[in-house]
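If you read the sequences in order, they're chains A and P. The first sequence lines up with residues 1 to 111 when you count with my numbering. The second sequence lines up with residues 1 to 111 when you count with my numbering. Built from N, CA and C at the ideal position, the CB exists for glycine as well. Read the structure below first, then the notes.
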Amino acid sequence: KNEVEQSPQNLTAQEGEFITINCSYSVGISALHWLQQHPGGGIVSLFMLSSGKKKHGRLIATINIQEKHSSLHITASHPRDSAVYICAVSFSGGGADGLTFGKGTHLIIQP
Amino acid sequence: DVKVTQSSRYLVKRTGEKVFLECVQDMDHENMFWYRQDPGLGLRLIYFSYDVKMKEKGDIPEGYSVSREKKERFSLILESASTNQTSMYLCASSPHAYEQYFGPGTRLTVT
Numbered sequence: 001k002n003e004v005e006q007s008p009q010n011l012t013a014q015e016g017e018f019i020t021i022n023c024s025y026s027v028g029i030s031a032l033h034w035l036q037q038h039p040g041g042g043i044v045s046l047f048m049l050s051s052g053k054k055k056h057g058r059l060i061a062t063i064n065i066q067e068k069h070s071s072l073h074i075t076a077s078h079p080r081d082s083a084v085y086i087c088a089v090s091f092s093g094g095g096a097d098g099l100t101f102g103k104g105t106h107l108i109i110q111p
Numbered sequence: 001d002v003k004v005t006q007s008s009r010y011l012v013k014r015t016g017e018k019v020f021l022e023c024v025q026d027m028d029h030e031n032m033f034w035y036r037q038d039p040g041l042g043l044r045l046i047y048f049s050y051d052v053k054m055k056e057k058g059d060i061p062e063g064y065s066v067s068r069e070k071k072e073r074f075s076l077i078l079e080s081a082s083t084n085q086t087s088m089y090l091c092a093s094s095p096h097a098y099e100q101y102f103g104p105g106t107r108l109t110v111t
């Protein structure tokens, strides 16, 4: 059974710091997702990637298929980035099979 | 924008009651999913559906059933609610092989 491990579980940083959250998984996948969940529950999809690197604003996601590892980076972090970041993997591009999730990284950015 | 709505944000039910959680998406997506989220366990897939009247069990289907009579609507049913089903329930939808879009969640408390 595929497992998804995230680290760290909790991260507190100062505004402006460069943030890295890591995700590793145990078997081959077709896509990896990074999700953001703010207090109140709503989940937003940040990235879906199957190779290489994607960038959106201050967020960068990378994946190394051979090493079964992905990282989410936040540059110039801001208090509004405080949220839970969740890594999830899919076996059919996020379509029919549903996602398997990591337990999430609780990020707090202090002003 | 894709919109996934859930019938209630907060729900309180008694043990033994039959509970219906409704999810509606407005983008003609083939795939729909029900997850539950619990502290320390993360998100787990309960059931998913890839077409009208089609359903597949996820990782934790016990105690739940689903119904998909129309493409836009996916219902989660707790036949006889129990206290261990107190949780946050999240619905999601996706077009084939693309990222998932999540609803705002329903926080269910069973007393």
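Asked, Found
"Same chain, Cβ closer than 6 Å to N10(A), five either side skipped, listed in chain order", "H106"
"Nearest residue (CA-CA) to K72(P), options S80(P), M88(P), F102(P) and N31(P)", "For the sequence presented, residue 72(P) should be read as Glu rather than Lys. Checked all of S80(P), M88(P), F102(P) and N31(P); the closest Cα to E72(P) is N31(P)."
"Residues from the stretch 25-36 of chain A in contact with chain P, defined by Cβ distance under 9 Å", "S30, A31, H33 and L35"
"Candidates E22(P), Q85(P) and Q25(P), of which the one nearest G63(P) by Cα", "Q85(P)"
"Residue-level contact to chain P via CB, S82(A), 8 Å cutoff", "no"
"Chain A contact for F74(P) (CB, 8 Å cutoff)", "no"
"Per-residue burial, R9(P) [other beta carbons within 10 Å of its own, 16 or more giving buried]", "exposed"
"Per-residue DSSP class, three states only, for Q110(A)", "strand"
"Delimiting residues of the beta strand (DSSP E) encompassing R36(P)", "N31 to D38"
"T109(P) beta carbon less than 8 Å from that of T15(P)", "no"
"Interface partners of P104(P) on chain A, CB under 7 Å", "G41 and G42"
"Cβ-Cβ distance between M88(P) and R68(P) below 8 Å", "no"
"The stretch 39-59 of chain A / the stretch 74-85 of chain A touching (three or more Cβ pairs under 8 Å)", "yes"
"Helix, strand or coil at R73(P) [DSSP, three-state]", "strand"
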